[in-house]
Amino acid sequence: MQIIELLTPHYEAAWLPWAVQYFFLAGVATGAALLVSACVFGDAASRLRRLLPAAVLVLAVTAIAAPVSLLADLHQPFRFWHFYAYFTPWSWMSIGALLLPAFVALALAMCAAWWLGRLSWMRLLAPLLVLSALSITAYTGAEVMVVRARPLWNTLWVPVNLALTGWLAAVGVAFVLERFLPATQRPGASALQLLRAIGLWLAAALALATLGWAATGAAGLHPSFGEALRLATLFPVWRGGMLASALFGVAVIAALVRGQWRLDRRGYTLVLGLGLAASAWAFRWALFMSVQGVPKYGSGLYLYNMPLGSDGLLGMLGVLGLFIALVAAASWALETWPARRQPALQGAGA
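Take the sequence shown: its letters are residues 3 to 352, numbered as in our numbering.
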């Protein structure tokens, strides 16, 4: 009789918490870009146009913060130029190195056009920004989906859920950040009701996508649903996490529904916005960090201990600090120079 002992090696996680921050901020940025592009075609006094300042603020902050998180996740950030010196067209990460700068440039150009009050420029930029936002949505989703070694990632429903949760988080972040706008630029209760309606439609689409993932998985069209059931059956931590996410999702949808009568309460919109953003962030944490704890081959779960330094908790707090600093700087600029963009945007054909 021969005994073969298998040893599990110690290795670093492929995706660090920086990646969770990046995919969260990128999802919010694409949602804000789509919202801004829609708002610029609204009538001057419409609810859609009144949402424009809040949408621009979300876009400006996340379009700047997202690439910082990505660079930090590269382990050796100063080697980012390798993506351009050694371009590999079959790699989604390499393709993203071209798509992301284009998106950031278009997003900041759109924000600058709003700042200068150039509505005609914004309407010219809007189609390009929409295409760029959709390209970022496709690349970030495909970058995860192509990993065949992990059944929970290797399904078309991953990009769909990343997109919908990111856009729903954009609605939540807009609920939070609109309070930092000057009083004359705040959307008002009527426009916030429109934002709530957008959130409800996105939540409904996300619920349908979840049902679609379960139905197609049960039909044997992809292995991710079966893998999720296996993990929920064998491991209480996965079972508890799935139950908690389902309950939290129901609570968020209920909060959106009840917002029809409570959006005039500042505390309610703050809690609602933070809840929407937190649910999208938690989905990404489970998708990246928890799934990496599932062995590709073998049984059990790997244990992940988040470091307290720059690769873990400190890095996450640093991104949060950058986000807060950008919001503070933008709020200060809007209060200091309030007249730069008001005259031209008040008319419908500036």
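The C-beta atom is built at its ideal place from N, Cα and C for all residues, glycine as well. This one's a predicted model, so the numbers in the text were calculated from it and none came from an experiment.
Taking the CB atoms as reference points, tell me whether residue i and residue j lie closer together than 9 angstroms.
i      : j      : result
Ala211 : Leu170 : no
Trp28  : Ile138 : The identity of residue 28 in the sequence shown is Ala, whereas the question assumes Trp. Yes, the pair counts as a contact, with Cβ atoms nearer than the cut-off.
Val329 : Phe182 : yes
Leu208 : Gly251 : yes
Trp94  : Tyr141 : yes
Ala57  : Ala34  : yes
Phe227 : Leu303 : no
Gly320 : Tyr306 : no
Val173 : Gly201 : yes
Ala257 : Val273 : yes
Near residue i, what residues of its chain come up, given a Cβ to Cβ distance below 6 angstroms and the 5 sequence neighbours on each side ignored?
i      : result
Tyr270 : Arg264
Ala50  : Looking at the sequence shown, residue 50 is not Ala but Leu. Cβ within range, chain order: Cys41, Gly44.
Gln187 : Pro55
Trp287 : Val22
Leu72  : Tyr24
Ser134 : Ala104, Phe105, Leu108
Leaving aside the five residues before and after residue i along the sequence, list all residues of the same chain whose C-beta is less than 7 angstroms from its C-beta, in chain order.
i      : result
Met147 : Trp155, Asn156, Thr157, Leu158, Val160, Pro161
Leu100 : none
Leu76  : Phe82
Leu324 : Ala67, Val70
Leu316 : Leu310
Ala31  : Leu61, Thr64, Ala65, Ala68, Ala109
Val149 : Trp155, Asn156
Report the CB separation of residue i from residue j in whole angstroms; it is logged as a contact under 8 angstroms.
i      : j      : result
Leu59  : Leu179 : 5 angstroms
Leu108 : Leu127 : 6 angstroms
Lys298 : Ala151 : 5 angstroms
Ala65  : Leu131 : Contact flag wrong, Cβ pair sits at about 10 angstroms.
Grab me the residues of residue i's own chain with a C-beta within less than 8 angstroms of its C-beta, minus the 5 sequence neighbours each way, in chain order.
i      : result
Val314 : In the sequence on display, residue 314 carries Gly and not Val. Answer for Gly314: Leu18, Pro19, Met308, listed in chain order.
Ala335 : none
### Task
Pair every Cβ in the segment 279 to 291 with every Cβ in the segment 147 to 167, then say whether three or more of these pairs are closer than 8 angstroms.
yes
### Query
Fully enclosed by the segment 26 to 59, which alpha helix (DSSP H) runs are 4 residues long or longer?
49 to 52
### Query
Would you call the segment 235 to 242 and the segment 184 to 195 in contact, with 3 or more CB pairs under 8 angstroms?
no
### Task
For the segment 263 to 325, list the alpha helix (DSSP H) runs that are entirely contained and at least 4 residues long, ordered along the chain.
268 to 287
### Task
Could you pull out every unbroken alpha helix (DSSP H) segment of at least 4 residues lying fully inside the segment 235 to 264, listed in chain order?
238 to 264
### Query
Which full runs of the alpha helix (DSSP H) of 4+ residues lie inside the segment 80 to 148, going along the chain?
84 to 87, 94 to 117, 121 to 147
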